[in-house]
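Shown next, in structure tokens, is the structure this report addresses.
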């Protein structure tokens, strides 16, 4: 497992919480970072977005559609760059559902 993934995970979690997106959490699995929500204190987790590590510490951004299927997006960059895209241009993917 890459140290870059774990560093990016911490950066993402801190940034999301600084934006008051406290319903979102971040998890690492293999070479991917998953952003998921827990809504209304339900135990079920809903995946929102993923960043998959590519060579040279670059990531590919994907978002989950309303059925939980992953949709890769044409965004590749560093974790901070993709987080900026996600929290601005694609903010709809992170909003609280309820």
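In the working numbering, the protein residues as written are 3 to 100.
No residue lacks a Cβ here, since even glycine has one placed at the ideal position from N, Cα and C.
A direct Cα-Cα distance of roughly 32 Å separates residue 99 from residue 5. By the neighbour-count definition (other C-beta atoms within 10 Å, threshold 16), residue 9 is an exposed residue. In the structure shown, the three-state DSSP call for residue 30 is strand. Judged by their CB atoms, residue 96 and residue 23 are nearer to each other than the 8 Å cut-off.
For residue 95, no beta strand (DSSP E) encloses it, and the DSSP letter there is neither H nor E. Residue 12: not part of any beta strand (DSSP E); member of the alpha helix (DSSP H) spanning 5–20, first to last residue.
In the structure shown, the three-state DSSP call for residue 83 is helix.
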